[in-house]
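A.B. asks:
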Amino acid sequence: MSQLTGVNSIMYFAPTILVETGLGRQAALTATIANGVVSVLAVATGIWLLGRFGRRPMLLTGQIGVTVSLVLIAVCFLFLPESAVRSYLVLAFMLTFLLFMQSCIATVFWLMLAEIFPLRLRGFAMGTAVFGTWTANFVVTLVFPPLISAIGGATFLIFAAINVATYVFYVRTVPETRGRSMEAIESHFRRQSAA
177 MSQLTGVNSI MYFAPTILVE TGLGRQAALT ATIANGVVSV LAVATGIWLL
227 GRFGRRPMLL TGQIGVTVSL VLIAVCFLFL PESAVRSYLV LAFMLTFLLF
277 MQSCIATVFW LMLAEIFPLR LRGFAMGTAV FGTWTANFVV TLVFPPLISA
327 IGGATFLIFA AINVATYVFY VRTVPETRGR SMEAIESHFR RQSAA
């Protein structure tokens, strides 16, 4: 689900997205550098936040942040005329998206993968989860260019809808793991699956 946020469509296709807004190709390539800078700073911030806040609140806050950012990107595409203002607003919302994604969702995702699987299955389960993550990445990367060509900015509304569903899933299923031992987490999942 972390891959279905649309993060890699923004990471991989930022110049294409910015060119679609009306920004020149060279300016779009230069502006994309900000994606990398924000991502690195956001991950460092997220690692710091993990020690101070629970995983669940960070994950849910990240989901809200990326969903709102995607809706705002779509609004810019759909309702603003092609201009430098639209281009820079889309860039600002892309950076806001990355801030929430990399500081909240990505850091929690990779940490929780290591926490939630029982010890006897951890290696296999981690391998399966990472395989699923890269498979979802592949699908998003394959589907995004035709979607953006066919429906333009409405593509971001599709990602926003997926993120709303993801938020609901997280609210219903993701436990707080901060401050809990691996055994306590395993016991929680056993009780939950028995219920």
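First residue of the sequence shown? That's 177 in our numbering, and the numbers climb one at a time after it.
Even for Gly, the Cβ is constructed at its ideal location relative to N, Cα and C.
This structure is a prediction, so every number in the text was calculated from the model and none was measured.
1) Return the CA-CA distance between Gly299 and Ala268, expressed in angstroms with no decimal places.
2) Along the chain, which unbroken stretches of the alpha helix (DSSP H) at least 4 residues long are found entirely within the stretch 225 to 293?
3) My understanding is that Ile186 touches Phe273, with C-beta atoms under 8 angstroms, so please give their C-beta distance in whole angstroms.
4) Count the other C-beta atoms from every protein chain shown that fall within 10 angstroms of the C-beta of Phe293, then say buried if there are 16 or more, exposed otherwise.
5) Looking only at its own chain, which residues have a Cβ that is under 8 angstroms from the Cβ of Ala330, when we skip the five neighbours before and after it?
6) Looking only at its own chain, which residues have a Cβ that is under 6 angstroms from the Cβ of Ala336, when we skip the five neighbours before and after it?
7) With H, G and I counted as helix, E and B as strand and the rest as coil, what does DSSP make of Ser178?
8) From Glu352 to Ala305, what does the alpha carbon distance come to, in whole angstroms?
9) Is there contact here, the stretch 309 to 321 with the stretch 226 to 239, by at least three beta-carbon pairs under 8 angstroms?
10) Considering Pro191, what are the terminal residues of the alpha helix (DSSP H) in which it resides?
11) Looking at C-alpha atoms only, which residue of Ile338, Asn184, Val284, Ala260 is the closest neighbour of Ala203?
12) Buried or exposed: which applies to Gly200, given that a residue is buried once 16 or more other Cβ atoms fall within 10 Å of its Cβ?
13) Within its chain, find whatever has a CB closer than 8 angstroms to the CB of Thr342; leave out the 5 residues flanking it on each side and keep chain order.
14) Thinking Met358 and Glu258 are a contact (beta carbons under 8 angstroms), I'd like their distance in whole angstroms, please.
15) Shortest alpha-carbon distance to Arg232 belongs to which of Gln368, Val344, Ala370?
16) List the whole-angstrom C-beta distance separating Thr283 from Ile223, where the pair is believed to meet the contact cut-off of C-beta under 8 angstroms.
17) Which residue comes first and which comes last in the alpha helix (DSSP H) that contains Leu205?
18) Please report how far the alpha carbon of Leu205 lies from the alpha carbon of Glu196, in whole angstroms.
19) Please check if any C-beta of chain B sits within less than 8 angstroms of the C-beta of Gly241.
C.D. replies: Quick answer:
1) 39 angstroms
2) 231 to 255, 260 to 276, 283 to 292
3) In this structure Ile186 touches Phe273 by the C-beta definition: roughly 6 angstroms separates them, less than 8 angstroms.
4) buried
5) Here the set comprises Ala250, Phe253, Leu254.
6) For Ala336, where only same-chain residues beyond five positions count, the Cβ hits under 6 angstroms are Thr243, Leu246, Val247.
7) coil
8) 19 angstroms
9) no
10) 183 to 196
11) Ala260
12) exposed
13) Met177, Leu180, Thr181, Gln239
14) Incorrect: roughly 53 angstroms between the Cβ atoms, too far for contact.
15) Val344
16) 6 angstroms
17) 201 to 207
18) 13 angstroms
19) In the structure shown, chain B does not exist; there is a single protein chain.
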